[in-house]
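Last residue of the sequence shown? That's 128 in the working numbering, and every number before it is there in order. Backbone N, C-alpha and C define an ideal beta-carbon position, used for all residues, glycine too. Since this is a predicted model, take the numbers as computed values, not measurements. Notes to accompany the following structure.
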Amino acid sequence: MTKHDVVVYVSNNCSHCEKVVSKLKEWNVNFREKNVSENKEHFKELQSQKIYGTPATFIDGEQVLGFQKGKLQRKLGIYNDISFNPQR
């Protein structure tokens, strides 16, 4: 698999954040996790992109907002997941 620069902005008590992090781990993707609830600088970084909610995932600088499994897979080049549907 190609190595990607992946950053995930999360917040406390966010079920969609947990889903993104869980899937990235399942797919063995290296990523940096930035918790906006615990670090205000991370929150400011996200605001500077005009994003005010989590999860927000950046893959090689391209954003994926919320938990969009198919979009995450496409951007990461993951096609071996049985439930993958490239039309989503």
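{"Check": "Validate contact between the stretch 46-56 and the stretch 80-96 using beta carbons, cut 8 Å, 3 pairs", "Outcome": "yes"}
{"Check": "Distance between Glu102 and Glu81 (C-alpha atoms, nearest Å)", "Outcome": "20 Å"}
{"Check": "Among Asn75, Ser88, His44, the one whose alpha carbon lies nearest that of Glu58", "Outcome": "Asn75"}
{"Check": "For Arg128, the three-state DSSP class (helix, strand or coil)", "Outcome": "The predicted position of Arg128 is uncertain, since its pLDDT is 47 and thus under 50; a value taken from the coordinates is nonetheless stated next. Coil at Arg128, not helix or strand."}
{"Check": "Phe107 - DSSP class collapsed to helix/strand/coil", "Outcome": "coil"}
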